[in-house]
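Numbering (this note's numbering), first residue to last: 151 to 320.
All C-beta atoms, glycine included, are put in the ideal place defined by N, C-alpha and C.
Notes follow the structure.
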Amino acid sequence: GQESIDDVVDPGDGDESSDSDVAAPTTTEPSPLDPTQIPGEPINQFNLRVRDCFDQIEDRRDGEPITITTRLPCDEAHHFEVFAQLTYPAEHPSVFPGDSVVRDYALQSCYREFTTWVGSDYETSELDIGVIIPNQQNFENDAARYRGIHCWLDRVDGDPMIGTSRNSGW
């Protein structure tokens, strides 16, 4: 899951309404998005790396919410950029401490990385911090043992970014 430091909202939660002026049909489910029609390269969000710029689009498939993540060149319009990758400090095997504990740790850790990346203080910047954190299944799974945290940035006003946020002073 992904969470934002200010309002703890996932960019894929559907809280960002891009078509708020258009009434959605209420009797039929929206048709699934065709990933080939979405700008960028479809990618698993956990495969994003530092300096990757990306967008996320919410959809429904077979009645279940899905999030499609696409990696874009940073010199093209995008909404998010990964600025740090960290690891939650837990040996294997460990019991998953819960989404809120992992999210709080991730947000605090990403906050500490902000100034070095952006070149300005978080409190005076135009950027917000968000995180991609492991879920319980990946955290506890013997094969996965995934503890990775991705720190991402987006604009507070929700507008797309063009260019990297690195040393931007935004």
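* Please go through the same chain and pick out, in chain order, the residues whose beta-carbon is closer than 7 Å to the beta-carbon of H228, but skip the five residues on each side of it. => For H228, where only same-chain residues beyond five positions count, the Cβ hits under 7 Å are C203, F204, D205, L222, P310, M311.
* Asked: Is L198 helix, strand or coil by DSSP?
  -> coil
* **Own chain partners of S255 with C-beta closer than 7 Å, once the 5 adjacent residues on each side are dropped** => Strictly speaking, residue 255 in this sequence is Tyr, with Ser absent from that position. Taken in chain order, the residues that qualify are Y238.
* To do: Could you tell me the distance, in whole angstroms, from the CA atom of V251 to the CA atom of F233?
  => 21 Å
* Asked: Where does the unbroken beta strand (DSSP E) through E290 begin, and where does it stop?
  -> Run containing E290: none in the beta strand (DSSP E); it sits in the alpha helix (DSSP H), 286-290.
* Asked: Taking all protein chains shown into account, do 16 or more other C-beta atoms lie within 10 angstroms of the C-beta of G308, making it buried, or fewer, making it exposed?
  -> By the beta-carbon neighbour count (other beta carbons within 10 angstroms, threshold 16), G308 is exposed.
* **Ordered list of alpha helix (DSSP H) runs contained in the stretch 252-310, each at least 4 residues** => Taking only runs of at least 4 residues, the alpha helix (DSSP H) segments lying wholly in the stretch 252-310 are 286-290.
* Around the C-beta of H242, are 16 or more other C-beta atoms found within 10 angstroms, so that it is buried, or is it exposed? -> exposed
* To do: Have a look at R297, F196, I207, W267 and flag the residue whose alpha-carbon is nearest the alpha-carbon of V245.
  => R297
* Asked: Residue ranges of each beta strand (DSSP E) run of no fewer than 3 residues wholly in the stretch 221-253, ordered along the chain?
  -> Under the rule that a run must span 3 or more residues, the beta strand (DSSP E) segments found entirely inside the stretch 221-253 read 230-237.
* **Spatial distance of G313 from T220 (CA atoms)** => 16 Å
* Thinking L236 and I299 are a contact (beta carbons under 8 Å), I'd like their distance in whole angstroms, please. => 4 Å
* Just the C-alpha distance for R295 and I283, rounded to the nearest angstrom, thanks. => 13 Å
* Identity of the residue in D209, E191, I207, V306 nearest L277 by Cα -> V306
* Asked: How is T314 classed by DSSP in three states: helix, strand or coil?
  -> coil
* Asked: Taking the C-alpha atoms as reference points, what is the distance between G280 and L303?
  -> 6 Å
* Could you tell me which of T274, S315, E231, G248 sits nearest to F289, measuring between CA atoms? => G248
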